[in-house]
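For the sequence shown, our numbering assigns the number 1059 to the initial residue and increments by one for each residue that follows. One structure is given below, encoded as structure tokens.
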Amino acid sequence: MGRNKKTQDEFVPWSQGAEILGMKRTTFFHYVRTGQIRSEPDRQPRDGRYSLEDIYIIKERREQGKPRKPYKKRPASVLMDWLQPSDIPAGLKLDYLLYHENIDLAEAAVYQAWRRNNNLLTMGAFSKDRSECLAYLQLVPLHEQTILDILGGKREENSIKPEEVLAYDKPGAYTLVGISAVCHPERPDLLFRLLDKITDFWLEQYPERYITKVYAQAVSKSGDMLIQHLFMAPRPDLAPNAYELNLARPAASRVIRRFQEKLTAKAPLPPELQYTFP
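Shown next, in the form of structure tokens:
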């Protein structure tokens, strides 16, 4: 039976309409609720009847095979944790995906040697079985003068010795330098989730330990994304691509502002985090 003049004024039970359309009751009534299938006026829901014309309009539309919206696969859930030695192959695999033959394995070995003093340097986003690394963020605690020497070109980054990397075993202030910000091209969102995870770590440390400044250089797209997200201040006196985040200053970034507010709510600020306007 097809659509004709007669169907314009004809109404049928939902079961007949669902059979014509080849769908379940719940799907049929979705079309009713959204106004695509009219119900016959002056009928109670229990003995409701529905427009045969509308039913055949939907049937024709479905048979024409109009393309549906492409299905978007929900991103797989990830595990966020500090990088472990067993995660190194997964991290190198991500590096190779992004940088191909430009990976310097000798330099990577230097970075791994820094973990002798402190194994809480790199926060990563992994697949549930940790076989795949989708993003990582490396922040290294150093004496501020060491960081300034590196950003200012007096020293190379790979000249940092393991013993110069500070362990989080003493109370007080720390300065960090961002060494790496890397993410899979399809998951740029993970960088900001890693940042949240790291601020949570420092909130747990406070007030015994706290960050006063974070330095970084924009040498990659991922790093530049984070620098813009955090509204880091340029340090052209050090290098054209050098930036500084002073945790004592009022923050333009909502992420950092929320972090500062949580610190203040947890305990009074130490002198290093109390900013005095000039």
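By construction, the Cβ of each residue, glycine as well, lies at the ideal position given by its N, Cα and C atoms. In this text the structure is predicted, and so the values were computed from the model without any measurement.
Start and end residues, alpha helix (DSSP H) containing residue i
i: Ser1174; result: Reading the sequence as shown, one finds Arg at residue 1174 and not Ser. It is not in any alpha helix (DSSP H) - Arg1174 carries neither H nor E in the DSSP assignment.
i: Pro1147; result: Ile1146 to Tyr1157
i: Arg1120; result: Leu1110 to Glu1121
i: Leu1261; result: Asp1247 to Gln1263
i: Thr1322; result: Arg1312 to Lys1324
Buried versus exposed call for residue i [16 or more other C-beta atoms within 10 Å across all chains shown]
i: Glu1165; result: exposed
i: Gly1210; result: exposed
i: Tyr1157; result: exposed
i: Phe1259; result: exposed
i: Tyr1129; result: Unreliable positioning characterises Tyr1129 in this predicted model, as indicated by a pLDDT of 48, which lies under 50. The coordinate reading is nonetheless provided below. Exposed.
i: Thr1322; result: exposed
i: Asp1100; result: exposed
i: Asp1187; result: exposed
i: Thr1092; result: exposed
i: Gly1075; result: buried
i: Asp1153; result: buried
i: Ala1325; result: exposed
i: Thr1180; result: buried
i: Ala1171; result: exposed
i: Gly1230; result: exposed
i: Ser1280; result: buried
Within-8 Å CB hit, residue i to chain D
i: Thr1322; result: This model lacks chain D altogether; it includes just one protein chain.
Alpha-carbon to alpha-carbon, residue j and residue i
i: Glu1319; j: Leu1155; result: 38 Å
i: Phe1087; j: Leu1248; result: 40 Å
i: Phe1069; j: Glu1121; result: 21 Å
i: Leu1141; j: Tyr1333; result: 34 Å
i: Ile1113; j: Ile1095; result: 6 Å
i: Val1136; j: Glu1190; result: 10 Å
i: Ile1269; j: Asp1254; result: 15 Å
i: Phe1289; j: Leu1303; result: 8 Å
i: Gln1275; j: Ala1134; result: 31 Å
i: Glu1222; j: Ala1306; result: 25 Å
i: Asn1216; j: Leu1327; result: 34 Å
i: Asn1002; j: Ser1311; result: For residue 1002 there is no data in the structure shown, the boundaries of the chain being 1059 and 1336.
i: Lys1082; j: Asp1067; result: 24 Å
i: Thr1204; j: Pro1292; result: 18 Å
i: Arg1213; j: Pro1147; result: 28 Å
i: Ile1256; j: Thr1084; result: 46 Å
i: Pro1294; j: Asp1282; result: 15 Å
i: Leu1331; j: Leu1150; result: 37 Å
i: Asp1227; j: Tyr1264; result: 13 Å
i: Ser1073; j: Gly1123; result: 23 Å
i: Tyr1232; j: Glu1262; result: 15 Å
i: Ala1309; j: Pro1220; result: 32 Å
i: Asp1139; j: Phe1250; result: 14 Å
i: Asn1177; j: Ser1185; result: 20 Å
i: Pro1143; j: Ala1225; result: 17 Å
Contact belief for residue i with residue j at Cβ below 8 Å, rounded distance in angstroms
i: Leu1252; j: Ala1183; result: 6 Å
i: Ser1097; j: Tyr1108; result: 6 Å
i: Val1198; j: Ile1237; result: 5 Å
i: Leu1195; j: Ala1239; result: 5 Å
i: Ile1314; j: Tyr1301; result: Rounded, the Cβ-Cβ distance is 13 Å, inconsistent with contact.
i: Leu1234; j: Ile1218; result: Incorrect: roughly 13 Å between the Cβ atoms, too far for contact.
i: Leu1079; j: Ile1116; result: 6 Å
i: Arg1119; j: Leu1192; result: Rounded, the Cβ-Cβ distance is 40 Å, inconsistent with contact.
DSSP beta-bridge partners of residue i
i: Gly1182; result: Asp1139 and Tyr1194
i: Gln1275; result: Ala1300
i: Ala1291; result: Glu1302
i: Asp1199; result: Asp is not the amino acid found at residue 1199; the sequence shown has Pro there. The partner list for Pro1199 (beta bridge, DSSP) reads Leu1234.
i: Ile1269; result: Tyr1232
i: Ser1189; result: Note: Ser1189 sits in no beta bridge, so no partner.
i: Arg1107; result: Pro1071
i: Ser1217; result: None, per the DSSP bridge assignment.
Start-to-end residues for the beta strand (DSSP E) that takes in residue i
i: Gly1236; result: Gly1230 to Cys1241
i: Thr1092; result: Taken as a continuous stretch (DSSP letters only), Thr1092 belongs to no beta strand (DSSP E), as it is neither H nor E.
i: Phe1069; result: Phe1069 to Pro1071
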